[in-house]
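Heads up, the thing below is written out as structure tokens.
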Amino acid sequence: MTKPFPRSPQMSGWEAPQRFEGDLYDLEIEGEVPADLNGSFFRVAPDPQYPPRMGDDIFINGDGSVSAFRIEDGHIDFKTRYVQTPRYLREREARESLFGLYRNPYTNDPSVAGLSNTTGNTNVVMHNGLLWALKEDSLPIAMDPLTLETIGQSDFAGQVRSQTFTAHPKFDPGTGDMYCFGYEAGGLASSDIAYYVIDPSGKVKHEAWFTMPYPGMVHDMAITENYVLFPVAPFTSDLERMKAGGLHWQWEPGLDVVYGVIPRDGGAEDVRWFRGPNAFVGHTLNAFEDRGKIYYDVPLTNDNVFGFFPDAKGRSPLPSELKSSVMRVEIDPRRADLRAQGEVLVDAPAEFPAVDDRYLATAYRHVFLMGFGGAMDLASVPAQPYNMMFNAFLHVDAHNGAVRTTWAPGAAATVQEPVFVPRGPGAPEGDGYLLALVNRLDEVRSDLVILDAEHIDAGPIATARLPFRMKNALHGSWAAAEEFNRPS
Ligand code: V55
Ligand code: FE
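If you want my numbering, it's the position in the sequence shown, counting the first as 1, plus 13.
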């Protein structure tokens, strides 16, 4: 018998598990869905299938629940399915949780020894005609982009020997090559990074293995014209701690952030580690080169945003002690002292960026972020876990950091990660649409909004009204319909 979930903040209110799969044909739409939009908006949210084995759990350990909004000819059809990971299938069979703490297999039920820990809960991206559900602790899981049926976990026909795979690969806009990596690639709590370039047909074109200065967390990455960058956040993993039933991560206030830089086609001997002050590293906006220097745009926070992974003393900052801004980190590959230098790009907390992916790795101009704006009726907004209080979208000019326009959906609403969709193949950078979910907290219901990216302050061109709430996602992406038809 399935017991009730705990009424903890991460398991109740807006974040109460939904455990739901289904289809909704022809969403109700206010306004006009642009006729030129043809593709799918994919996103994945953690949504635990069974009550946690350890009594309570953290947001980022929930089973991946993937949703697709298929947009064509002005209508939108909705579909949501779990990623059928080995873990999901085994727990479903047992009708209970068998996996314990986040990325600590020593806290799992002995009956699942050796089974992949992955939930596929962090991102969904198209590559080689398939939709890939990603979680940085394991290899990716392939899904059918139209039916959302799970196909299975893949090592790319034996080409990828890393045990892990990032949730934030980057796609070269010219070639479509996927730049990706795994960390803890050689085993749990190891310092190994395995870096890969995989072409659009799934062939590995390049591979390099190297070692981080400490066994840190590498959640995202960046590419520039000539380089790949790996930002290492100051958490450490430790096998002995895990064996003793402890947490995978410990925050390390005494460690620098290190930025690993490798030429795109480089080997282990080419990697260099640049150091910057201790900080929590957020999600890559973009990166580019100018006159030989690398510029990496990323939100940095003065202290540990993941309070559920405290430091050695058990300390975590209060949310009110966190100060976050979007930084431009400058790395000069010729610098002998290997220092990275940061300057403030946007002096405000903002996260979950969306850029025009056709301008990845270039001196881009347009970026859209979740941030704060307008009034917020806190009485109607229940406490939310990590970074889920953002209530507005910001359109930022990356040339100077200026906030060009903002849109806040209302005093009792928060927002989820947006995606940018170009108006068409020839459209200039930033000319297109911003798609995102809005949480109508007072109505316990979500909207999918479509904004004109150049005029987000004008409000949605179209709003698809969902008759239910959609738990906060981590990440997602847009895929044009042509991508579904590519033979794989
Ligand atoms: C992050 C998120 C994760 C994870 C490790 O945002 C790091 C950072 C959503 O899962 O497993
Ligand atoms: Fe992420």
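Glycine included, C-beta positions come from ideal geometry on N, C-alpha and C.
About 14 Å separates the CB atoms of S250 and T224; that is not less than 8 Å, and the two are not in contact.
Under the three-state reduction of DSSP output, A415 falls in the strand class. Membership of K306 in the beta strand (DSSP E) is indicated by the continuous run 306-314. The segment 347-354 makes no contact with the segment 400-415, as fewer than three CB pairs between them are under 8 Å.
Note that the segment 145-162 touches the segment 170-183; at least 3 beta-carbon pairs, one per stretch, sit closer than 8 Å. The residues Y196, F243, V245, in chain order, have a CB closer than 6 Å to that of V231 in the same chain once the five nearest residues on each side in sequence are set aside.
Counting only the Cα atoms, P362 lies some 19 Å from A425. Relative to ligand 2, the beta carbon of H468 is positioned no closer than 8 Å to any heavy atom. The bridge partners DSSP lists for S80 are R56, T93. DSSP, read as helix, strand or coil, puts G289 in strand. Restricting attention to alpha helix (DSSP H) runs no shorter than 4 residues, the segment 249-285 encloses them at 252-256, ordered along the chain.
Taking every protein chain shown into account, the CB of V357 has fewer than 16 other CB atoms within 10 angstroms, so this residue is exposed. A Cβ-Cβ separation of about 6 Å places E343 in contact with Y308 under the 8 Å criterion. Remark: the shortest separation between the CB of R116 and any heavy atom of ligand 1 falls under 8 Å.
Assignment of beta-bridge partners to V359 by DSSP yields V339. Closest in C-alpha terms to F82, from the list M67, G35, G439, comes G35. In the DSSP assignment, Y208 falls outside any alpha helix (DSSP H) and within the unbroken beta strand (DSSP E) covering 205-211. With contact defined as three or more Cβ pairs closer than 8 Å, the segment 440-448 and the segment 86-96 are not in contact.
Buried is the label assigned to V274, since at least 16 other Cβ atoms lie within 10 Å of its Cβ. From the listed residues Y240, R254, I211, the smallest Cα separation to L114 is found for R254. In this structure, the beta-carbon distance from V57 to N134 falls below 9 Å. Short of 7 Å from the beta carbon of S329, and not among the five residues preceding or following it, lie these beta carbons of its own chain, in chain order: N317, G320, P323. In the three-state reduction of the DSSP assignment, A221 falls in the strand class, which pools E and B. For D60, the Cβ stays outside the 8 Å cut-off from all heavy atoms of ligand 1. When distances are taken from the beta-carbon of A486 to the heavy atoms of ligand 2, even the shortest one reaches 8 Å or more. Take W222, set aside five residues on each side of it, and the residues of its chain with a beta-carbon closer than 8 Å to its own are A198, G199, D205, I206, A207, Y208, A281, in chain order.
One Cα belongs to D269, the other to P290, and the distance between them is close to 5 Å. Rounded to the nearest whole angstrom, the C-alpha separation of L461 and R478 is 7 Å.
Under DSSP, the beta-bridge partners assigned to K183 are Y192.
Listed as beta-bridge partners of N299 by DSSP are D310. Every beta strand (DSSP E) stretch that sits fully inside the segment 435-466 and reaches 3 residues is listed by chain position as 445-453, 458-465. Inclusion of L201 and R116 in the CB contact set at 9 Å is warranted, their separation being smaller than that value.
DSSP links T427 through a beta bridge to N452. Across the set H261, L298, A170, the C-alpha of A170 shows the shortest separation from the C-alpha of K216.
One Cα belongs to M156, the other to G165, and the distance between them is close to 7 Å. DSSP, reduced to helix, strand and coil, places T476 within a strand of the structure shown.
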